[in-house]
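Inspection log for the structure reproduced underneath, given as structure tokens.
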Amino acid sequence: MKSYETVLAEQDGGVLLLTMNRPEVLNAFDHRMPFELVDAFTSAGNDPSVRCVVLTGAGRGFNAGADLEGVRARYDDPRGPRIGELVRERYIPLVLALRRLEKPVIAALNGVAAGAGSSLALACDLRIASERASFVQAFVRIGLIPDTGGTLFLPLLVGLGRASELAFSGERVGAQRALEIGLVERVVPADELMPAALAWAHELAALPTTAIGLTKRAFNAAHLARLEEQLELEADLMEQAGRTADHREGVNAFLEKRPPVYIGRG
Ligand code: LHQ
Numbered sequence: 195m196k197s198y199e200t201v202l203a204e205q206d207g208g209v210l211l212l213t214m215n216r217p218e219v220l221n222a223f224d225h226r227m228p229f230e231l232v233d234a235f236t237s238a239g240n241d242p243s244v245r246c247v248v249l250t251g252a253g254r255g256f257n258a259g260a261d262l263e264g265v266r267a268r269y270d271d272p273r274g275p276r277i278g279e280l281v282r283e284r285y286i287p288l289v290l291a292l293r294r295l296e297k298p299v300i301a302a303l304n305g306v307a308a309g310a311g312s313s314l315a316l317a318c319d320l321r322i323a324s325e326r327a328s329f330v331q332a333f334v335r336i337g338l339i340p341d342t343g344g345t346l347f348l349p350l351l352v353g354l355g356r357a358s359e360l361a362f363s364g365e366r367v368g369a370q371r372a373l374e375i376g377l378v379e380r381v382v383p384a385d386e387l388m389p390a391a392l393a394w395a396h397e398l399a400a401l402p403t404t405a406i407g408l409t410k411r412a413f414n415a416a417h418l419a420r421l422e423e424q425l426e427l428e429a430d431l432m433e434q435a436g437r438t439a440d441h442r443e444g445v446n447a448f449l450e451k452r453p454p455v456y457i458g459r460g
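Numbering (my numbering), first residue to last: 195 to 460.
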């Protein structure tokens with residue numbers, strides 16, 4: 195089993211458990227985590243002993259999206275934050291690796307999934323949530339647009355009206371509401387999350403993996419045929435949004451733990 199710096203990988207029979215492991219920042223993505231997840235998903239695809247993958251987070255969060263300290267550090271670069279470049283380097287390959295892995299991937303939502311962390315959960319095939327889990331389309335709160343495939347996966351799962359409601363407001367959606375609107379398939383008490391997720395994964399791992407993989411390929415073709423094009427569009431729009439004053443204000447306000455004041459233009 196490979197070892198990574200920000201992701202713990204453990205295999206039990208046909209089930210590979212991946213735990214994102216930066217709990218002090220709710221497992222926000224740093225410069226390593228997206229690449230390590232890509233490597234883990236690609237290796238899982240090449241390893242016939244892996245027949246189902248479970249993705250979860252260490253501590254009280256699932257994943258809080260891009261690490262905003264890392265994003266702010268790029269403002270000192272005279273070329274600017276170049277957010278589109280970040281999206282292309284880190285997040286597009288992550289979504290593609292996950293959707294191209296022809297094995298079931300279950301997100302076990304132990305806590306909050308925000309920004310790109312929410313999109314990552316929505317890109318998985320199935321979601322089981324602890325009662326303590328929640329989703330936040332945090333992008334708008336820092337003047338950005340949903341990325342990591344969120345502009346496709348969110349409306350696909352909840353419909354365009356609800357997707358607009360959530361993405362425009364950035365409001366927090368609790369586990370029960372997430373179940374009602376189709377953001378997750380199952381909700382369980384917090385202490386039952388990992389046993390339930392792993393039991394589900396072992397059930398799936400005992401089924402005909404090739405057939406499940408081909409079903410995923412067919413779902414990708416039916417519903418995500420424009421995925422790569424949409425990911426490129428997201429990167430372009432992120433670049434545009436990343437140049438606004440509202441983006442910097444949102445990030446600075448979050449890191450300074452104060453309410454933001456947006457100007458709404460530029
Ligand atoms: C964090 C983070 C975080 C750093 C919590 N970073 N420290 C964007 C830019 C560029 C390129 C590509 O893509 C993207 C896509 C995106 O993902 S944009 C969205 C980025 N994420 C966010 O804006 C979410 C920011 N976080 C939050 O809004 C809250 O933390 C949530 C709602 C997730 C959870 O709230 P709470 O449960 O109240 O936890 P907390 O805010 O107290 O966070 C706990 C700690 O984690 C805290 O640090 P501290 O030292 O005070 O304990 C936070 O500063 C830190 N943290 N998210 N993304």
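Quick reminder that beta carbons are idealized off the backbone N, C-alpha and C, glycines included.
{"query": "Could you spell out where the alpha helix (DSSP H) holding N240 opens and where it closes?", "result": "227-240"}
{"query": "What does DSSP give as the partner residue(s) for M214 in the beta ladder?", "result": "V201, G251"}
{"query": "Using a Cβ-Cβ cutoff of less than 6 Å, which residues in the same chain neighbour A258 once the five nearest sequence positions on both sides are dropped?", "result": "L220, A222, A308, G311"}
{"query": "What does DSSP give as the partner residues of L303 in its beta bridges?", "result": "A323"}
{"query": "For the ligand LHQ, is there any heavy atom lying closer than 8 Å to the beta carbon of L418?", "result": "no"}
{"query": "Could you give the uninterrupted runs of the alpha helix (DSSP H) lying entirely in the segment 348-427, keeping only those of 4 residues or more?", "result": "354-363, 369-375, 387-399, 403-417"}
{"query": "Out of curiosity, what's the CA-to-CA distance linking F347 and S313?", "result": "7 Å"}
{"query": "From R335 to G344, what distance separates their C-alpha atoms?", "result": "15 Å"}
{"query": "Which class does D224 belong to by DSSP, given the choice of helix, strand or coil?", "result": "coil"}
{"query": "Would you mind reading off the limits of the beta strand (DSSP E) that contains F448?", "result": "Here F448 belongs to no beta strand (DSSP E); instead the alpha helix (DSSP H) covers 439-449."}
{"query": "Please tell me whether A399 and G253 are closer than 9 Å, where the distance is taken between their beta carbons.", "result": "no"}
{"query": "Less than 8 Å separating the Cβ of G259 from some heavy atom of the ligand LHQ?", "result": "yes"}
{"query": "Leaving out five residues before and five after R411 in sequence, what residues of the same chain have Cβ atoms less than 7 Å from its Cβ?", "result": "E296"}
{"query": "Looking at the ligand LHQ, does it come within less than 8 Å of E426, judged from the CB to the closest heavy atom?", "result": "no"}
{"query": "To the nearest angstrom, how far is it from the Cα of G368 to the Cα of Q331?", "result": "12 Å"}
{"query": "Under the rule that 16 or more other beta-carbon atoms within 10 Å means buried, what is P402, buried or exposed?", "result": "exposed"}
{"query": "Got a sec? Which residues, its chain only, sit under 7 Å from A315 by beta carbon, not counting five neighbours each side?", "result": "F256, A301, L303, A307, R321"}
{"query": "When DSSP labels each residue in this structure, what does D493 get in the three-state scheme?", "result": "Nothing about residue 493 can be reported from this structure: the residues present for the chain run from 195 to 460 only."}
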